[in-house]
Amino acid sequence: MKNLIRVALLGNPNTGKSTVFNSLTGLHQKVGNFPGVTVDKKTGHCTLSDTHVAEIIDLPGIYSLYPKAKDERIAFEVLADKKNKLHPDAAVVVADASNLKRNLLLFTQVADLKIPVILALNMIDVAEKAGLKIDIDKLSRKLGVPVIPLNARNKQGIAELKAAIARVSPVPTQKKTIDVASLEPAFLSEVQQRLSIEEPYEALHVANQYKNLLYLEEGSVPVIEELIRKHNFQPAKIQLAETAARYNYIEELLSDCVHQEVPPAAETFTSKIDKVLTHKVFGLLIFVLILFIIFQSIFSLAEYPMSLIEEGFASFSGWLISVMPPGVLTDLLVNGIVAGLGGVVIFVPQIAILFAFIAVLEDTGYMARVIFLMDRIMRKVGLNGRSVVPLISGIACAVPAIMATRTIENWKDRLITILVTPLMSCAARLPVYVLLISLVVPDERVAGIFNLQGLALLFMYLLGLFAAIGVAYLMKFIIGSKERSFLLMEMPIYRMPRWSNVAMTMYDRALAFVVQAGRVIIAVSIILWVMATYGPRERMQAVDAKYATAEMQQRYTPEELEHHLGSEKLENSYVGILGKSIEPVIKPLGFDWKIGIALITSFAAREVFVGTMATIYSVEADDSHMDSVREKMLQATNPHTGLPVFTIATAFSLMVFYAFAMQCMSTLAIVQRETKSWKWPLVQLAYMTGMAYVASLITYQLLR
1 MKNLIRVALL
11 GNPNTGKSTV
21 FNSLTGLHQK
31 VGNFPGVTVD
41 KKTGHCTLSD
51 THVAEIIDLP
61 GIYSLYPKAK
71 DERIAFEVLA
81 DKKNKLHPDA
91 AVVVADASNL
101 KRNLLLFTQV
111 ADLKIPVILA
121 LNMIDVAEKA
131 GLKIDIDKLS
141 RKLGVPVIPL
151 NARNKQGIAE
161 LKAAIARVSP
171 VPTQKKTIDV
181 ASLEPAFLSE
191 VQQRLSIEEP
201 YEALHVANQY
211 KNLLYLEEGS
221 VPVIEELIRK
231 HNFQPAKIQL
241 AETAARYNYI
251 EELLSDCVHQ
261 EVPPAAETFT
271 SKIDKVLTHK
281 VFGLLIFVLI
291 LFIIFQSIFS
301 LAEYPMSLIE
311 EGFASFSGWL
321 ISVMPPGVLT
331 DLLVNGIVAG
341 LGGVVIFVPQ
351 IAILFAFIAV
361 LEDTGYMARV
371 IFLMDRIMRK
381 VGLNGRSVVP
391 LISGIACAVP
401 AIMATRTIEN
411 WKDRLITILV
421 TPLMSCAARL
431 PVYVLLISLV
441 VPDERVAGIF
451 NLQGLALLFM
461 YLLGLFAAIG
471 VAYLMKFIIG
481 SKERSFLLME
491 MPIYRMPRWS
501 NVAMTMYDRA
511 LAFVVQAGRV
521 IIAVSIILWV
531 MATYGPRERM
541 QAVDAKYATA
551 EMQQRYTPEE
561 LEHHLGSEKL
571 ENSYVGILGK
581 SIEPVIKPLG
591 FDWKIGIALI
601 TSFAAREVFV
611 GTMATIYSVE
621 ADDSHMDSVR
631 EKMLQATNPH
641 TGLPVFTIAT
651 AFSLMVFYAF
661 AMQCMSTLAI
671 VQRETKSWKW
681 PLVQLAYMTG
691 MAYVASLITY
701 QLLR
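Oh and the sequence shown: position 242 is 242 in the numbering used here, straight run, nothing missing.
The following block contains the structure:
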């Protein structure tokens, strides 16, 4: 049995910590939550040697152990609480080798907690290009810890890092950085004694953070508050003195171990590009152009794999019908489960392409520029500059995006951001948009370049963005957020994307989409199939009797008879009754009762809309015609007018409804957890549903 070493991975944002984590763990990683909080916890395993295995815990990116947001508090709790299940045997601090002065502040803080520590100098190639000569051996001797140079993007130094972790000493070897006890000797000594804390630096942090620390024993808070009053402890003053002492230590350390061999260039490659990409006019135009390219590619690149998936599911359904005996089980399997799941799996190529582009934008460093560009707009509508990060993240999924609002310190700014983030078009809306656009927008090019379907998709994403900005502007006055705040962030240098990381992101997101959405869709599809197949006995018997008459037998061919029988049975089933009950409310939007069913079921998750359509139209269809859901929806006609159900007016009305409606239980749940109240999720549900209804009504009436 191999020895397990638990390792905490720490580092400033933009140091390549995630790349180091991926290089160490590969696909052997999982995402959960830290105990007691809704902060993402990424853990993974890697083999260090024949005798050692490491469990790597990827802690949130932080600049200091003094937290400014909820997720930053996690780092200190994991490191300081020895009873915590995640308390590490060792810590690896990832630092940007080209910016050691800032990065070593966190290292010195972690080292003073007296945890065995390793310093990983990532982006060593960038430091060398900048003319920095780092004496690794000397730096290691002065710090008293292993120092490993890395270029994690190319996996250079990863093997050495694994070896260093395998042989890390269980006893801390680091040398003292600053004399923490001298900052407030009497106070810290008494805190250590009264609370049984070994290290003075841990005592200092407990005195600073005691109101938010979950691991403190009952009765500790009154003791700390008593000592604070007794010694007139002033946290801000002591923190300032500590930081100054640390930077003095770091300056002296770097003057001995780091030398500038070549004078830095007056203007770097990155700064030259930034003059264009962060320009207040050209930068925004380039961003819109990039969005245009992404959405054009989503249609053009995914066309072939989507066709293969579509044909594969059709063949699979046909094969099941041919090998299984006719009956309820076959009907459930083919028209319930396979039809519902196939209607969603077909969109995996487009989901993968979307996330591949997002990964490329993040890896190259361009996403940070997007946040900087959008910050200018955000401040004008009264949002915190940090609101840009959740809003951009909302393109992927609203749930982690809302969790990302924890970095916003002002509560009212954070609340507004939480309330408007679901208006950003997330990946769950993509299957709905793609399906409806493919029904009514021709697959044609304008001027030989611009694909009309791609333009329509871009319009839907921009609609969500502008809606979020507009609603935020209104909420600024309703909620009364007056405090101004600014975005402070470091711009990473431009680099080529790591294609392995892009591939891993595509795989993870596509798998998560299939697994998470698939579970819901299968459950909903089974329930829908049952509700669409069965109904009140009297109604269903009446329909059977009606089409069993000689008159009906003579009026229709066997195929027509089966089609009409199936349609009327669906209309009189439980799901048909449900749809009919809400039809008067949604009819002004251009929706029939079948679309109404999809609106109800997709409240579980927006992407269920596609599975619902697949199930409903499969139940109604003749099993001998294994058409795709798109073909069935194209052929659907209004029984009263004989016109197609999915016209341009209906399709765009439906897309606008989904763009604005809160059709996601998971998002409402996370809003409740983040605001600790049901008031705000209900407010969000009410305003988004009302907004969706009015916007959909206007769209349909204008386009009909």
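A virtual CB, placed ideally from N, CA and C, is assigned to each residue, including glycine.
Being a predicted model, the structure only gives us computed values, none of them experimental.
Report the option in the options whose CA atom is closest to the CA atom of residue i.
i	options	result
L474	V381, L465, L415 and L430	V381
I228	L204, L685 and A244	L204
K546	L565, V117 and L436	L565
L589	V656, V171, L65 and S196	V656
C664	L391, Q350 and R429	R429
M306	S438, I62 and K155	S438
K17	E551, R167 and K155	K155
T647	T667, Q701, V608 and V610	Q701
T177	L143, K2 and N151	L143
S23	A669, I238, D58 and T557	D58
I526	T689, A661 and V328	V328
S49	A159, R246, M633 and S677	A159
W499	I595, P536 and T364	T364
E568	A550, P584, K594 and V585	K594
A111	E583, E128, F313 and V171	V171
Would you kindly check if the distance between the Cβ of residue j and the Cβ of residue i is under 7 Å?
i	j	result
G464	T421	no
V575	M531	yes
I597	I337	no
V117	Q174	yes
L65	Q109	yes
T270	R369	no
F187	H259	no
A472	L423	no
R194	V223	yes
T15	C46	no
P202	L113	Per the sequence shown, residue 202 should be read as Glu rather than Pro. For E202 and L113, yes; Cβs fall inside 7 Å.
N501	V543	no
I479	K587	no
Y366	S425	no
I353	A427	no
P88	R6	yes
N451	Q296	yes
V288	F282	no
P146	G157	no
V610	L435	yes
V20	A152	yes
I402	E674	yes
A661	M633	no
V206	A90	no
L254	L132	no
Based on the DSSP secondary-structure assignment, which residues constitute the bridge partners of residue i?
i	result
D58	L9 and K42
H231	The partner list for H231 (beta bridge, DSSP) is empty, contrary to what the question assumes.
D96	N122
V712	This structure cannot settle anything about residue 712, because the visible part of the chain is limited to 1 through 704.
N208	None, per the DSSP bridge assignment.
T134	Checking the displayed sequence, the identity of residue 134 turns out to be Ile instead of Thr. In DSSP, I134 forms a bridge with V258.
L4	V53
Q156	N151
A91	A8 and V117
T637	P644
T47	V53
At a Cβ threshold of 7 Å, is residue i touching chain B?
i	result
L183	In summary, chain B is missing from the structure at hand, where a single protein chain is found.
#### Entry: Validate contact between the segment 48-60 and the segment 173-183 using beta carbons, cut 8 Å, 3 pairs
no
### Query
Are the segment 352-363 and the segment 502-517 touching, with three or more C-beta to C-beta distances below 8 Å?
yes
### Query
How do the segment 89-100 and the segment 5-23 stand: do at least 3 beta-carbon pairs fall below 8 Å, yes or no?
yes
### Task
Could I get the ranges of all uninterrupted beta strand (DSSP E) runs contained in the segment 387-467, with 3 residues as the minimum, in chain order?
none
### At least 3 beta-carbon pairs within less than 8 Å: the segment 451-459 vs the segment 368-378
no
### Query
Counting pairs of Cβ atoms below 8 Å between the segment 98-110 and the segment 163-170, do you hit three or more?
no
### Task
Indicate whether the contact test is met: 3 or more Cβ pairs, each with one atom in the segment 119-136 and one in the segment 70-90, closer than 8 Å.
no
### Task
Tell me, please, whether the segment 414-428 touches the segment 682-697 by the rule of three or more beta-carbon pairs shorter than 8 Å.
yes
### Query
What runs of the alpha helix (DSSP H), each 4 residues or longer, lie entirely inside the segment 639-682?
648-660 and 665-675
### Query
Quick one: complete alpha helix (DSSP H) runs, 4+ long, within the segment 507-587?
518-533, 537-547, 550-555, 558-572 and 574-586
#### Entry: Inter-stretch contact (C-beta, 8 Å, three-pair minimum) for the segment 688-702 and the segment 645-662
yes
### Task
Write down every uninterrupted run of the alpha helix (DSSP H) in the segment 331-385 whose length is 4 residues or greater and which is fully enclosed by it, in chain order.
339-345, 348-364 and 366-380
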